[in-house]
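Residue numbers (the working numbering), protein chains in the order written: chain H, 4 to 296; chain D, 84 to 429; chain S, 998 to 1274. Single-structure report; data block below.
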Amino acid sequence: MGGNPYQPLPVRIERVTVENEARDLKSFDLRFVNQGERERWRFLPGQFAFLSIAGVGEAPFGIASAPDEELLKFTVKRVGAFTTALHEMEEGAIIGLRGPFGSAYPWALMQGRDVLIVSGGFSFTTLRAVIVHILKKENRPNYGRLVVVYGARTPGELLYKEELKAWKTNPELELVLCADRVCGGELFGFPGPVQGEGKDAVQEGLVPEILRGVEIEANKAVALVCGPPIMLRFTHPVLKEMGFKPEQVFLSLENRMKCGIGKCGHCNIGPKYVCKDGPVFCYEELLRLPEDY
Amino acid sequence: MKVFLKNEDLKELLERFVKEGKLFAPVKRGGYSGWDRVSSVDEIVLSREQALLQGEEVNTREPAKVFVFPRSETLFEFEGEEAVETGEIPEVVVFGLRPCDGRAMAFLERFFVGNGPEDPRVQQRREKVILIGVACNSPADSCFCTAVGGGPHENQGLDVLLREVAGGFLGEAVTGKGEELLTGFPEATVQQDAEAEKLKANAEATLALKIDLNRLKAVLDNGFASPVWERLTLECVNCGACTFLCPTCHCFDVFDETVRGRKRRIRIWDSCQFTLYSQHASGHNPRLNPAARYRNRVMDKFKYTVDMLGEVSCVGCGRCVRVCPAGIDIRGAVAEILKEAAQDGR
Amino acid sequence: MDKVARLRQRAKELLEKQEVVGVLGYRASSRPGISQVAFITKTEEVDQLIFDSTCSQNLANYLLKVKGKGKVAVVARGCDSRSIVILLQEKQIERGQVYILGVGCEGVVVQGEKSASCRSCQYPNPVIYDEMLGEEIHFEPEKVEDEFDRLTPDERWQILSADVARCIRCYACRQVCPNCYCPVCFVDASMPALVGKAHDVSDNMVFHIMRALHMAGRCVECGACHRACPMGIDLMRFNRQVAKIVRERFGLVAGAKPDEMPALTVFKPEDPQEFIR
């Protein structure tokens, strides 16, 4: 990444998808305006980038697409000034992109191992990138079992529903879906709620509880965890019970960020910057850092 | 080589920059001094000792960091979505900064430029700035540079260090730019050198505070949960005075503005003491408690920058001590932390 | 008994009898010219309490910080007590939660000179208190001979611009002010953004003028903001002007009469309204 690290590159919005019932989560598929810039833009799942709108601002988002996908995908929740402006943008609009920044998931460590993904809410974005990357035909043999536990508040809040449906019947991965509250009927084309009946359903329960029911040999696995702070707090003890040591657990954290390159100071956890030394942290390292997040 | 500049020589040297509109020097404002672009050499009190007698403080309120990291600057203007860098960075000559500020400039350079991706604007500004520092012969009560590894006659980070002696200044070039400035001046005499050394020793003698920085680091490594932070921060009102006037504080906010149709992206100083500094978009704020914010500042100066770059980033300039509206003294905070650790047998 | 001795004695008694959970006052700081705020909760620590001309802060600001801990004793001069009145009127604190130790004040001294707002102070003694520590103080307040009022708007603008150009937006003025307790200050609003945050004279001016206007009928002119400003900006010029207008047009002084409501919360038919044509 040469040039000015604060300077965004132009990208075009090719597709906008409303992801959830509440309509405050949208996915944006972006294409670089300059193909040369796309070719130089190398990243691994786990990293993030800043989306920018001139005169409005910038914000950091996990990259939801895998490196070989044609378009870059970002899933954005509408919470403030910038995300509201982004949500109002239509297909064809040009915005800015800055990155890629941060650390990726531990791809070297994951080779030859089972991969357990535990995710809640709309933090699932970078984990979609992981799944798509592993499922790619050339990559699949490098990994063992791919087990995914993904939950949201309600089934309507689950992201990437079309892909989730396809993955449910894909033998290359084991997908367990859950929701805090499962209400009646089909939502967004999703199979209706069946409490605890087999894996072809959205089970009712919190992610850490559902995780308990997963059988996996911890010593052959790496756990990738991404979710709201409260989910992380309750997931750690479950992983420990399952036999995962802190060195095998990797979290993706979020924090307030402005520069993305470890200069503006906002995202520090002790002497580490979430934008530069993270956002993916080994749990073992996190235990040694102050609880300042 | 140490050279000697008579007062008139220095005046002439600075005159050249004044004519080019490039010179910034400390100028008296009420009971203290600030940086001003000087339009005539007579506006400056060349002798910093004289300036102190005339009621200026030992150091300017704004630290010298404003010359590489200004209070606010435009990163880009936008033409459509295209970000265009603007604003030619002018050459600037700064006279009268102190060794503590010089040391801080060196730190900022290492932080912004030598550490991961380079910050282009700080780098450009540093290249265009010439720092002519003046050593301290009369440190203030609030100064403690020697306690943190600096000194009243140190030259780190400066281009030239001037040391006030009878009739003028001893000049030491620190960088190539400095050498260029000092060419042509006669070598200092042995007596002048001895005089400067004596003044240095006198100044150092007044700086009595000693801090065991290694011990402090060790204590802070385990000090996150200490009750000391709550005790120390009732008085703190969480303004940004200490951080904004700190010569090594580097945090900034980035935001966009549209003014009369022109869109631009700006960065401004931000402070970890503000509540919103650590507010996540989700609403979660890990530092909602004022004690957590104060802790972050002290930790950053004496531990986090040591972990990151191997150096303590407090330079002992004393500005935070002088301006805190709540009367908080970082030296007192450090003493409290060490005292509590000693009591616990740590 | 001098008032400091009395203060310490009473603080000890109030704590011993558990009538209060803490005493909000001042202690010496390591800097000779300024005090620190102290919240004394242990009887062994009451000797830290001082009261003299270094006591720069307005303690009413800290009452909001210790809210919720229980009943608190607070040292209050004229200005602090008027701020307490404002906080009571604005329902930020309850009368039963504070025990006011009133004290007369001869003014805050900064760098050897009496602080500007103290020189013209008309309220050296508290307007509300539970007990007085020592005698009332009386002195002739200086008339504020403001050259400023005689200047044209353009000339005034020049002076104000030169002053606020130095503002570094550290918000020390806002943070030490007991009236500035909004959870989200207007300068931090983002949807919509109300003030620019850059180092721009006009943005700085908007901040200071708007803050002064938010103080209308509430600012007690204690001068804490002016003393807190690290860049030496004459903040009292803004606040004095607004307080003057409120005095002249509504006949009210902020917090002077505990039973009177703040100027801008009350409408009387006789209020001047010549702007309605």
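Note that the Cβ used here is the ideal one computed from N, Cα and C, for glycine as well. In this text the structure is predicted, and so the values were computed from the model without any measurement.
Around the Cβ of Ser1080 of chain S, a 10 Å sphere holds 16 or more other Cβ atoms; the residue is buried. Residues of the stretch 353 to 373 of chain D with a C-beta less than 8 Å from any C-beta of chain H: Asp353, Cys355, Tyr360, Ser361, Gln362, His363, Ala364, Ser365, His367, Pro369 and Arg370, listed in chain order. Here the alpha carbons of Tyr1096 of chain S and Arg1003 of chain S stand approximately 15 Å from one another. Taken atom to atom, the span from the alpha-carbon of Pro1121 of chain S to that of Val1217 of chain S is near 12 Å.
The beta carbon of Phe194 of chain D is closer than 7 Å to those of His333 and Leu392 in its chain, skipping five residues each way along the sequence.
Residue-level contact by beta carbon holds for Glu164 of chain D and chain H, with a gap shorter than 8 Å. Between Leu33 of chain H and Ile16 of chain H, the CB-CB gap stays under 8 Å. As DSSP reads the structure, Cys229 of chain H sits in a beta bridge with H:Ser122. Neighbours of Ser1187 of chain S across chain H, judged by C-beta separation under 7 Å: Gly83 and Ala84. In this structure, the alpha-carbon of Val311 of chain D lies about 8 Å from that of Glu423 of chain D.
Apart from sequence neighbours up to five positions away, the residues of its chain that approach Lys1194 of chain S with a beta-carbon distance below 8 Å are Arg1166, Val1184 and Asp1200, ordered along the chain.
Within the same chain, and ignoring the five residues on either side of Glu313 of chain D in sequence, the residues whose Cβ sits closer than 6 Å to its Cβ are Ala374. With a minimum length of 4 residues, the unbroken runs of alpha helix (DSSP H) contained wholly in the stretch 33 to 100 of chain H fall at 38 to 43 and 84 to 90. Note that the stretch 127 to 145 of chain D does not touch the stretch 275 to 295 of chain H; fewer than 3 beta-carbon pairs, one per stretch, sit closer than 8 Å.
A straight line joining the alpha-carbon of Gly123 of chain H with that of Ile215 of chain D spans about 56 Å. Ala84 of chain H and Met1188 of chain S do touch by the CB rule: their CB atoms are close to 5 Å apart, below 8 Å. Taking the C-beta atoms as reference points, Ala96 of chain H is found no nearer than 8 Å to Val59 of chain H. For a cut-off of 8 Å, the C-beta gap from Thr326 of chain D to Gln362 of chain D is around 17 Å, too long to register as a contact. Here the alpha carbon of Ala1221 of chain S sits roughly 6 Å from the alpha carbon of Ser1053 of chain S. Nearest Cα to Phe1235 of chain S within the set S:Val1203, S:Ile1134 and S:Val1082: S:Val1203. Within 10 angstroms of the beta-carbon of Gln50 of chain H lie 16 or more other beta-carbons, which makes it buried. Residues of the stretch 396 to 417 of chain D with a C-beta less than 9 Å from any C-beta of chain S: Arg402, Val404, Arg405, Val406, Cys407, Pro408, Ala409, Gly410, Ile411, Asp412, Arg414 and Gly415, listed in chain order.
Val1243 of chain S and Ala1159 of chain S have their C-alpha atoms roughly 26 Å apart. Listed in chain order, the non-local C-beta contacts of Glu394 of chain D below 7 Å within the same chain comprise Phe190 and Thr388, local neighbours out to five positions each way being set aside.
Annotation for Val177 of chain D: the continuous beta strand (DSSP E) segment containing it runs Val175 to Leu180. Spanning the alpha carbons of Leu1085 of chain S and Val1100 of chain S requires a straight line of approximately 19 Å.
With respect to the 8 Å criterion, Val1161 of chain S and Val1198 of chain S are classified as neighbours on the basis of their beta carbons.
The beta carbon of Leu227 of chain H sits closer than 6 Å to the beta carbons of Tyr108, Ile120 and Phe253 from its chain, once the five residues preceding and following it are set aside; these are given in chain order. Around the beta carbon of Gln1033 of chain S, a 10 Å sphere encloses 16 or more other beta carbons of the protein chains shown; the residue is thus reported as buried. Every unbroken stretch of the alpha helix (DSSP H) spanning 4 or more residues and falling wholly within the stretch 1170 to 1213 of chain S is given here in chain order: 1198 to 1211. For the stretch 199 to 216 of chain D, the set of positions with a beta-carbon nearer than 9 Å to some beta-carbon of chain H reads Gly199, Pro200, Glu201, Asp202, Pro203, Arg204 and Val205 in chain order. Gly105 of chain H is positioned such that its CB atom lies closer than 8 Å to that of Lys279 of chain H. For Gly323 of chain D, the chain S residues whose C-beta falls within less than 7 Å of its own C-beta are Cys1167 and Tyr1168, listed in chain order. Below the 9 Å Cβ cutoff, chain H contributes Lys261, Cys267 and His269 as neighbours of Asp336 of chain D, in chain order.
Nearest to Ile219 of chain H by C-alpha distance, out of H:Thr129, H:Leu209 and H:Val241, is H:Val241. Taken atom to atom, the span from the alpha-carbon of Glu171 of chain D to that of Lys346 of chain D is near 18 Å.
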